[in-house]
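Number 54 in my numbering belongs to position 24 of the sequence shown; there are no gaps in the numbering.
A short worksheet on the structure shown next.
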Amino acid sequence: MTTDVVPAAVVPPHPAWRSLLWTIPFTVLWTWAIYSLPVLLESGLPALAVRLMVHGLIALGLWLGLERTDLTSDQRRTTWLAIMVPFTLWAAVAWTAAINGVFRMGAFPLPLLPSAIFLPVIIGAPLLLLSKRVGQLLDAMPTTWLVALQLYRVFGSQWLAYWLRGLLPGLWALPAGTGDVLTGLFAVPAAIALATGTAEGRKAAILSRLGNDHLARPVPTDRSEYPEHRHRWLSQCVDPCFRRAVLDPAARAVAAPAAPP
31 MTTDVVPAAV VPPHPAWRSL LWTIPFTVLW TWAIYSLPVL LESGLPALAV RLMVHGLIAL
91 GLWLGLERTD LTSDQRRTTW LAIMVPFTLW AAVAWTAAIN GVFRMGAFPL PLLPSAIFLP
151 VIIGAPLLLL SKRVGQLLDA MPTTWLVALQ LYRVFGSQWL AYWLRGLLPG LWALPAGTGD
211 VLTGLFAVPA AIALATGTAE GRKAAILSRL GNDHLARPVP TDRSEYPEHR HRWLSQCVDP
271 CFRRAVLDPA ARAVAAPAAP P
């Protein structure tokens, strides 16, 4: 993945924090609507709207990322379908099962919720890691996209609304809702700061992510936006002149560890 670098002189003073002028009012309005209108909770519309929006953003970001690669139009279309079709089917099956109470405790002798969470990852992760096209996609996709995508987590304010209405215990709802809201609010500022390409921008983005994620729910955190956490083949990491190099005897003697005294 690459980061779009913008010269610091082009960026107006404090542009990153201006996004808070619309994300904060939106988050407050969303929380107020869920708290004040119980009919929304009963209808399930907020949860459905959030999932459809996130699904659409993932599909759009995937296509825009593929357009930045050197793949042909047919290859881009095939790759997009190969990722989105299984992802959509899994989301539809999991959503339908949840509505029908399949994941409730005691519904089946064995708990099915862990299987719905981990089986797709266990099956899909190796396939994605071994795919050269997915590697090209990640190399072409700007890091800032993956940071800004965390904006959807402002919808986690619903956990705070549930707590205020007495529907969830504060022991779970407060850290979950607070962590989600802070991460979502600072996602766009962090992405803008990172896009400047300056050391201050990168530091602000990292501090924003680390400072907010520790309050979020105890689930695995996606660190794929950081280059040091990306999967790489050895041939992509070393200098081209060093690949398949063979040390001569003199160099091997120097490189070998010293024998113990």
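No residue lacks a Cβ here, since even glycine has one placed at the ideal position from N, Cα and C.
Please read these numbers as outputs of a predicted model, since none were measured by experiment.
Just to confirm the assignment, what range does the alpha helix (DSSP H) spanning residue i have?
| i | result |
| --- | --- |
| Q105 | S103 to I129 |
| Y182 | From DSSP, Y182 is part of no alpha helix (DSSP H); its letter is neither H nor E. |
| R98 | Element bounds for R98: n/a, residue is neither H nor E. |
| W60 | L50 to S66 |
| L143 | L143 to L159 |
Quick test of your reading: residue i and residue j, contact by CB under 8 angstroms. State the CB separation rounded to the nearest angstrom.
| i | j | result |
| --- | --- | --- |
| T174 | A229 | Not quite, the Cβ-Cβ distance comes to about 16 angstroms (not below 8 angstroms), so this is no contact. |
| M83 | Y192 | Not confirmed; about 20 angstroms, so no contact. |
| S161 | T57 | Not quite, the Cβ-Cβ distance comes to about 36 angstroms (not below 8 angstroms), so this is no contact. |
| F133 | L140 | Wrong, their Cβ atoms sit about 11 angstroms apart, outside the cutoff. |
| T99 | Q166 | 5 angstroms |
| W93 | W110 | 6 angstroms |
| A170 | G227 | Incorrect: roughly 17 angstroms between the Cβ atoms, too far for contact. |
| V177 | T53 | That belief does not hold up - the Cβ atoms of V177 and T53 are roughly 14 angstroms apart, past 8 angstroms. |
| A63 | L70 | 6 angstroms |
Kindly indicate which three-state DSSP category residue i falls into: helix, strand or coil?
| i | result |
| --- | --- |
| F133 | coil |
| G196 | coil |
| G74 | coil |
| F138 | coil |
| T208 | helix |
| G165 | helix |
| G214 | helix |
| G91 | helix |
| G227 | coil |
| W47 | helix |
Applying the criterion that 16 or more other CB atoms from any shown protein chain within 10 Å of the CB defines a buried residue, is residue i buried or exposed?
| i | result |
| --- | --- |
| W189 | buried |
| G207 | buried |
| S6 | Look at the range of the chain in this structure, 31 to 291, and you will see that residue 6 is not part of it. |
| D104 | exposed |
| V184 | buried |
| A155 | exposed |
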